[in-house]
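Residue numbers (the UniProt record's numbering): 1 to 501.
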């Protein structure tokens, strides 16, 4: 008996296709009939995950250039795209030689003659002068140059997942022009529906540049950055400098393994109208050669005290060294006036500073606002530990940390009545060394009505389970998924809950 195409209502077919994630299945659905083709087409292009230099929805897995030409030729298809991701980092053309055949006059004429008319027209419209147009045409096969033409055409794009190479010239220029409403975006706005963006850098040693434009886009609510940094001497040329305070729609700002100088972090925190979630994992010095100021970060957050609900202030799993004399590692001021702050994840370093004294144990309780419900102490087994730290100093700092938790729980009822959950990251080594102290803290938490969870963060052996490392998710609950970062710096061993029984 011959197979038949079921005569289903259009609404039901569309509803079914909403749950289909397989590109091959969607392509097969399009071949069923003209009706199915019309219904399935938007779903084929709704999420574009460009991996390994091709997109599987095309016959033969075509290149980014094919995709760009297609969307320039048929803008009605570009309207279907809601999500775009590219992995690994796109080609920026940095390996192109100036004395290559393409750079000769004859070579340029040959190359320009092979460029599709759609690309020529788009480059002409986007260029600000003849020289830029000529260089852009010469780079028409470079993914950086193509993406700068393609992405603004995705008029209904909602999420953008970019991993950038060392010198993403065209992408950075395009985004800055979008933000500043410069040609061609003065008359044709772009990214008007973009809600969430990841800007990651693929190098595992040095950081990429910060781009300010996402803060200027009207619909962006969430910005995620990975391995980006700034220099101390960027001055008036730095991003954000001319952006007015309290003008951005961003409510979620996540800087994972990033390192920003004092001026930039303060300005970045001043731009959002109402920041609700701030996550900052401060990267090590070689990521970008700038000094770090903990008090400056705290000053920047002061402008968001009436809206901030979630704070996560951390450093990477593989550790950090605060021994640089140019870093201001003074303990941060209290968040007592942050009346909406409910969830805090923080490393002890920021709470107590690197030189705690006899009264420093009070700082943890003093740090938190009365309405806080959730507290997570990260790197709880590594407070102040560096290669140069004497054992006696390390033990003194750990004593301060344990005493601070005990002090907090003892005053929980009157000072933090809403606190109901405490997570403490430690290691099996610390459990063995300080098991009695930690067990007493767990008992005190239980008697105070606080659920206390211990997690093994492998702080005593950073490279343990290296082959079992997994890509971290994002967000305060680590439930937001982006593409895997090529730097390898966003993977950790799975943290495990420790039971004392």
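For each residue, glycine too, the CB sits at the ideal point set by N, CA and C.
Spell out the partners DSSP gives residue i in its beta bridges.
i: residue 451; result: 421
i: residue 503; result: Given that the chain is displayed from residue 1 to residue 501, the structure contains no residue 503 and the question cannot be resolved.
i: residue 456; result: 426 and 496
i: residue 343; result: 310 and 374
i: residue 256; result: 226
i: residue 355; result: In the DSSP output, where bridge partners are listed per residue, residue 355 has none listed.
i: residue 321; result: Per DSSP, none; premise fails for residue 321.
i: residue 209; result: 229
i: residue 471; result: 491
i: residue 47; result: 83
Measuring straight from C-alpha to C-alpha, what distance separates residue i and residue j?
i: residue 516; j: residue 43; result: The chain is shown only over 1 to 501; residue 516 falls outside these bounds and no answer can be derived.
i: residue 66; j: residue 9; result: 34 Å
i: residue 135; j: residue 175; result: 18 Å
i: residue 457; j: residue 430; result: 11 Å
i: residue 187; j: residue 322; result: 48 Å
i: residue 41; j: residue 28; result: 11 Å
i: residue 426; j: residue 284; result: 21 Å
i: residue 193; j: residue 262; result: 31 Å
i: residue 432; j: residue 395; result: 14 Å
i: residue 138; j: residue 168; result: 16 Å
i: residue 491; j: residue 256; result: 12 Å
i: residue 329; j: residue 290; result: 14 Å
i: residue 219; j: residue 158; result: 9 Å
i: residue 203; j: residue 52; result: 17 Å
i: residue 107; j: residue 140; result: At residue 107 the pLDDT is 48, less than 50, meaning the model places this residue with poor confidence and gives no usable figure here.
i: residue 286; j: residue 208; result: 12 Å
i: residue 162; j: residue 317; result: 23 Å
i: residue 242; j: residue 292; result: 22 Å
Taking Cβ positions, are residue i and residue j nearer each other than 8 Å?
i: residue 350; j: residue 312; result: no
i: residue 584; j: residue 435; result: The structure shown does not extend to residue 584, since the chain spans only 1 to 501, so no value can be given for it.
i: residue 247; j: residue 271; result: yes
i: residue 269; j: residue 303; result: yes
i: residue 297; j: residue 364; result: no
i: residue 378; j: residue 314; result: yes
i: residue 421; j: residue 361; result: no
i: residue 156; j: residue 69; result: no
i: residue 400; j: residue 352; result: yes
i: residue 39; j: residue 17; result: yes
i: residue 300; j: residue 265; result: yes
Quick one, which of the options has its alpha-carbon nearest residue i's?
i: residue 334; options: 210, 305 and 496; result: 305
i: residue 521; options: 348, 370 and 330; result: Because the chain is modelled from 1 through 501, residue 521 falls outside the range shown and cannot be assessed.
i: residue 502; options: 153, 24 and 19; result: Here the chain comprises residues numbered 1 to 501, so residue 502 is not present and cannot be evaluated.
i: residue 468; options: 157, 494, 144 and 450; result: 494
i: residue 121; options: 131, 143, 139 and 149; result: 149
i: residue 183; options: 124, 168 and 222; result: 124
i: residue 160; options: 357, 191, 258 and 256; result: 191
i: residue 128; options: 23, 170 and 316; result: 170
i: residue 221; options: 197, 348 and 355; result: 197
i: residue 259; options: 93, 226, 158 and 472; result: 226
i: residue 84; options: 50, 372, 496 and 314; result: 50
i: residue 515; options: 265, 331, 39 and 346; result: Residue 515 lies beyond the stretch modelled for the chain, which goes from 1 to 501, so this question has no answer here.
i: residue 445; options: 411, 459, 291 and 315; result: 411
i: residue 275; options: 202, 443 and 223; result: 223
i: residue 337; options: 345, 358, 438 and 367; result: 367
i: residue 273; options: 308, 498 and 291; result: 308
i: residue 253; options: 132, 475 and 496; result: 475
i: residue 164; options: 145, 418 and 437; result: 145
i: residue 397; options: 374, 358 and 32; result: 358
i: residue 126; options: 450, 173 and 88; result: 173
For residue i, would you say it is in contact with chain D, using Cβ-to-Cβ distances shorter than 8 Å as the test?
i: residue 350; result: Going by chain labels, chain D is absent from the structure shown, which holds only one protein chain.
> What beta strand (DSSP E) runs, 3 residues minimum, are completely inside the stretch 374 to 436?
Replying inline: 374 to 377 and 421 to 426
> What are the complete beta strand (DSSP E) segments, minimum 3 residues, inside the stretch 73 to 98?
Replying inline: 83 to 87
> Curious, which full-length alpha helix (DSSP H) runs of at least 4 residues does the stretch 109 to 192 contain?
Replying inline: 117 to 126, 130 to 138, 143 to 150 and 169 to 180
>> Quick check on the DSSP output: what are the complete alpha helix (DSSP H) runs of length 4 or more inside the stretch 252 to 296, in order along the chain?
In response: 262 to 270
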